[in-house]
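Only one structure is covered here, and it is reproduced in the block below.
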Amino acid sequence: MQPSSNKRRRKSNRKHTSNDADPKPDETTSQGAGVHAPATIVPELAEIPQIVMEEMMKTSPRQVAQAMDGRNDLLDNSNNNSEKHIKEAFRFGAHTMVLAQMRRWSANEDVQMCGCFCIEKLAYMDEREPQVIDAGAVEVVLSAMHKFPSSVGVQYGGCLALKNLLSGDSSSSQSTQTISARFVQQLGGVLVVKHAMEANFEDTEIQSVCCDILRFLALKKQFLTAMLEAGVGGIVMKTLEHHWKKDKGVKRVRRHIAWKVCSRRLGDR
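With the sequence shown counted from 1, adding 18 to any position gets you this note's numbering.
In structure tokens, the structure reads:
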């Protein structure tokens, strides 16, 4: 799988309300200097995934989103224990739980955004990717992107998830071959990616991830006709020209060969 961007992760800018306030401290801690609060129990590393899974089963969308965000931190590939946590997450059925909560709270932007980032992390390992695909991850991610077309967080997280879900080794993953065909021919996925590029044209990271997705798909000749009919060649060429010149000093853009590959595949036909 392709590692996610090391740049900042988009967060919801929803304000912290009084209903979201942290619980008040135990009254015994303010009774006087002679009364001490019980010592904090720090969970063992192996216990953390289970704790987060339990939090994800809460009935409040705010709590679910927070638990998903905590799960993202555990699974981030910059975390030295991320591979171990990914395996633990699958042992506890995290992929099915995340998708179930995204379906349940389909109208909640925070849950959809954090869920997309979770799917990205869970699909990072090639051997785990088919399990996530077979559970319906691509369909759920596309649904989130459809429902929140103007949310930068959902669009970015969704694109990262799709990048990992569609970039597996097609020679060894029947699930990837099947979902790629459905993504292009039945689910309207190319149009969703195109919209993300058009709606976030100034966002270098989103343009970069979307070009990667299109590059993966363009390697299959049978997908080219549908992609060209969707008009992605034009937006890719505009992206290449605009960002290559505007952000020439940014290493991530300067070395992103995918744009050149994608433009040759789609724009020069």
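Even glycine gets a Cβ: it sits at the ideal position worked out from N, Cα and C.
Quick caveat, the model's predicted, so the values are computed rather than measured.
- With respect to the C-alpha of T194, the residue from P167, H164, S124, A155 having the closest C-alpha is A155.
- In this structure A85 is buried. Its beta-carbon is surrounded by 16 or more other beta-carbon atoms within 10 angstroms.
- In this structure, the CA atom of Q119 is about 19 Å from the CA atom of S169.
- Each residue's CA atom was taken as its position, placing H261 and A214 some 15 Å apart.
- By a beta-carbon distance limit of 8 Å, I197 does not contact V211. Their separation comes to about 14 Å.
- With contacts defined by Cβ atoms closer than 8 Å, G133 and V116 form a contacting pair.
- Following the DSSP letters along the chain, one finds S161 inside the alpha helix (DSSP H) bounded by residues 155-165.
- Of the candidates S124, G175, E106, the residue whose Cα lies closest to the Cα of C136 is G175.
- Excluding the 5 residues flanking it on each side, V227 has same chain C-beta neighbours closer than 7 Å at C177, L178, K181, in chain order.
- Just so you know, the alpha carbons of A141 and L93 end up roughly 11 Å apart.
- Inclusion of L242 and A236 in the CB contact set at 8 Å is warranted, their separation being smaller than that value.
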